[in-house]
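The structure appears below as structure tokens.
There are 2 protein chains.
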Amino acid sequence: MVDDNSSSNKRRTVTIADVANASGTSGATVSRVLSGYEFVKESTRNRVMEAVKRLGYVANLPARSLAGGRSRIIGLLVPNLDNGYVGTIAQGIDQALASANYDPILYTSHRHPGKETFYANAIANGLTEGLLLVAPQVLTTYLDSLRERNFPYVLIDQTDATENSNVVESTNRQGAYEATQYLVKLGHTRIAFIRGALTVQSAKDRLQGFKDALEDCGIPVCEDLILEGNYQQQNGYETTKTLLQSGESLPTAIFASNDLSAFGAMDAVRECGFSIPEDISIIGFDDVPQSSMVYPKLTTVRQPLELMGKVAARMLLERIGCPNLPPQRNTLDTQLIIRDSCGPYPAQRDRIEQA
Amino acid sequence: MVDDNSSSNKRRTVTIADVANASGTSGATVSRVLSGYEFVKESTRNRVMEAVKRLGYVANLPARSLAGGRSRIIGLLVPNLDNGYVGTIAQGIDQALASANYDPILYTSHRHPGKETFYANAIANGLTEGLLLVAPQVLTTYLDSLRERNFPYVLIDQTDATENSNVVESTNRQGAYEATQYLVKLGHTRIAFIRGALTVQSAKDRLQGFKDALEDCGIPVCEDLILEGNYQQQNGYETTKTLLQSGESLPTAIFASNDLSAFGAMDAVRECGFSIPEDISIIGFDDVPQSSMVYPKLTTVRQPLELMGKVAARMLLERIGCPNLPPQRNTLDTQLIIRDSCGPYPAQRDRIEQA
DNA sequence: AGAAGTTTTGAAAGCGCTTACATTTAATGG
DNA sequence: CCATTAAATGTAAGCGCTTTCAAAACTTCT
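Below is the structure:
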């Protein structure tokens, strides 16, 4: 019952030493109590906890980190923040992190063009315990450093060719396959495909799924209908517009390999005077929140984004706990979400082509 | 030119001492060079920088923090992540922070029900240099502690009644006023208003703008048409549905005081068999990215969200630099964005009411 | 009661950095 | 050329915590 309201009111923050004094123990013991160390006498523990509460003690994170403790911070590298895709994943991550009492520090990749800055910020500076990489476009640059240091990380919706990374992804090929089949079943044979950058594994897989489905349905793959893309809405818009204005025999359906480019495609299609899905069907991939809010509601392949974030975060936390677990790959199921943007092969097709 | 590839390959990370050795100086000097201290001889500075580069030295953040340096981390408290509102603001924040070489650590308020945890995480743990609070619902709980400690923070899209906080907001009253006037000019007189929680200053201000406009137009304010809300889509949906099913004399326009609830309202309106804007006009507030993507495109009052984020971040950084600047309030202009969700007083109105 | 554990604790050594403070070196002036 | 002042650098003391290491306090068992 030491009352240390002594004359020193210079000290700003309550330190572990204050708690030690107030509870008549040593700093070491307080630290043990706080870290849940087993061999502390019940009564001591209580005394310490009481003092902690009474003084409003909160551990100083930098000090703890420096001394070798856990910072309970993980780095979250995202490409940007202004679309639902990232937000939804982040939401899942945040939930999983929250229940483990971790916080994410945010790194946006657009501002880290090279390896340097990002590496410096996230890894070498000793703050984060692990890293979550959301759909990074470029990975070769720093993945090696990460592995070299045995620094825990997991890739979300992106794959490392070496198979040495922990990754959470979804059944991209299968999803695209089903989407394509769906379109074919509706009677479409001329289907345009807007692909993502082929540096991104998911873009390759989705393209593959598309081609496989076409092949399996006995429809020849027409390379002219495979449009170069980058998962951006603007690109979806431009590439679609170019296609529709090319005057060549038009597609009756467009498979945009992510929702964002699908939104762009929708704009372009409408601007060219076609209606969706009467003239041209559009299908996307991801099922971001907006997809059910656009008009017409977008038929798309759902990736369980929030779940992916959650799974990834848990996976990371697990690795942080046991640094030597072997790399693991977690592939979650996609699901075709049928809404209003796809229709049967357009009857009025001919009328349109004359226009 | 000291080559210190000595036999000790035990050390994992390069420390300031390594750099000191390699450059034939002391740790203190290295630290000075790194922090841009003025009185270091040019040649010394060069030698140090060269060693830094050669060894790939990166400062250890916790150590730096602990020793009293800058962590270059600011806390970002957001209500959630899965809507464009927060994402857009965050995007602006991130940009401003990036150019000052700061990173945000993310705190989502849904997981910090009381003051305790959040306070502990963000302030007392000594990691962050300042705090950015995005539209916090509750602030009384920790604002006092912040001020007491003279901890730099700025509120975004939320105001502190005491006028003692730094805040970045927009012309909420004025924006709502103009939106309402616009509706009135279109011929509407029965306008429903879905308000936000009145704990949020913006919600009060928007309501006030609505009432003021009505009054100035000589239209009596009908309390029955002011619907309780909370800025959530679900709420906008439910409250609108209830209103439309109440059978009482229906509104011809709905002013949802944020876009999210406007989206909810749109759903409800359509589900009740009305069309927008032919039967019922809808106007929102915020202009989140989705607003231009929904159908029909939402007429709304734009808050410069990204700019608000940017301004707030700069303001915070400024306060971190000069801790004693007086509280400042920065009110940015809103702008009425006319799109497709509002139309003139419906001619076919009577037909509908009979249905 | 004394040996042989076990459980509990405290003292003290850092973690890697910043920052007085002290000291050395260079520059200036008479 | 030496005092005087300014510039440049090194020494050392922490920042608040975790974690050996070793000692103290109990138990248990002959």
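Residue numbers (this note's numbering), protein chains in the order written: chain A, 1 to 355; chain B, 1001 to 1355. From the three backbone atoms N, C-alpha and C, an ideal C-beta is built for every residue, glycine too. Here the structure is a predicted model, which is why all the values come from computation and not from measurement.
Taking the Cα of B:Glu1271 as reference, the smallest distance to any Cα among B:Glu1318, B:Tyr1237, B:Glu1050, B:Pro1079 is reached at B:Tyr1237.
With the criterion set as a beta carbon lying under 7 Å from some beta carbon of chain B, the members of the segment 124-151 of chain A are Ala124, Asn125, Gly126, Leu127, in sequence order. With respect to the 8 Å criterion, B:Tyr1231 and B:Asn1258 are classified as neighbours on the basis of their beta carbons.
Among the CB atoms of chain B, none fall inside 8 Å of the CB of A:Asn235. B:Phe1210: member of the alpha helix (DSSP H) spanning 1201-1216, first to last residue. Within chain B, no residue has its beta carbon less than 8 Å from that of A:Ala256; the closest one is some 14 Å off. Straight-line spacing of the CA atoms in B:Asn1080 and B:Leu1214 works out to 34 Å.
In the three-state scheme derived from DSSP, where H, G and I count as helix and E and B as strand, A:Gln335 is classed as strand. Across the segment 277-294 of chain A, CB contacts with chain B closer than 9 Å involve Pro289, Gln290, Met293, Val294, in sequence order along the chain. Residue-level contact check: B:Arg1111 touches chain A, since one or more beta carbons of chain A fall below 8 Å from its beta carbon. Val1058, Ala1059, Asn1060, Leu1061, Pro1062, Ala1063, Ser1065: these are the residues of the segment 1050-1065 of chain B whose beta carbon lies less than 7 Å from some beta carbon of chain A, given in chain order. By the Cβ criterion, the segment 1200-1208 of chain B is in contact with the segment 1159-1174 of chain B, since at least three pairs of Cβ atoms, one from each stretch, lie closer than 8 Å.
Taking a Cβ-Cβ threshold of 8 Å, the residues of chain B close to A:Pro104 are Ile1105, Leu1106, in chain order. Taking a C-beta distance under 8 Å as the contact criterion, B:Ala1192 and B:Leu1243 qualify as a contact pair. Non-local beta-carbon contacts of B:Tyr1119 in its own chain, meaning distances under 7 Å to residues more than five positions away in sequence, involve Tyr1142, Ser1145 in chain order. A:His188 and A:Phe255 have their C-alpha atoms spaced approximately 11 Å apart. Using a CB distance below 7 Å, no part of the segment 34-46 of chain A faces chain B. Residue contact check for A:Ala98 against chain B: a CB pair falls below 8 Å.
Per DSSP, the continuous alpha helix (DSSP H) segment holding B:Phe1263 begins and ends at 1259-1271. DSSP places B:Ile1074 in the strand class (E or B) of the three-state scheme. Proximity to A:Ile194 across A:Thr162, A:Leu260, A:Cys217 peaks at A:Leu260, based on C-alpha coordinates.
Setting aside the 5 residues that flank it on each side, A:Val301 is surrounded in the same chain by Gly175, Ala179, Phe285, Thr334, Leu336, each with a C-beta closer than 6 Å to its C-beta; the list follows chain order. Per DSSP, the unbroken beta strand (DSSP E) holding B:Ile1283 starts and ends at 1281-1286. Rounded to the nearest whole angstrom, the CA to CA distance from B:Gln1245 to B:Ala1268 is 10 Å.
Between the alpha carbons of B:Ile1016 and B:Ser1291 lies a gap of roughly 51 Å.
In the assembly as shown, B:Lys1310 is a buried residue. Its beta-carbon has 16 or more other beta-carbons within 10 Å. Interface criterion not met: the Cβ of A:Ile74 is under 8 Å from no Cβ in chain B. Excluding five sequence positions before and after A:Val14, the CB atoms of its chain that fall closer than 8 Å to its own CB belong to Leu55, Gly56, Tyr57, Val58, given in chain order. A direct Cα-Cα distance of roughly 10 Å separates B:Pro1251 from B:Thr1240.
Distance check between B:Asn1164 and each of B:Tyr1345, B:Gln1137, B:Pro1346, B:Arg1329 places B:Arg1329 closest, using alpha-carbon atoms only. In this structure, A:Arg47 sits near A:Gly24, with a CB-CB distance shorter than 8 Å. B:Leu1305 has its alpha-carbon roughly 39 Å from the corresponding atom of A:Phe210. Residue state for B:Asn1121 is assigned as helix, using DSSP reduced to three classes. For A:Ser249, the three-state secondary structure derived from DSSP is coil. Pairing A:Glu129 with A:Ile73 gives a Cβ-Cβ distance under 8 Å.
Under the DSSP definition of a beta bridge, B:Val1301 partners with B:Phe1285, B:Leu1336.
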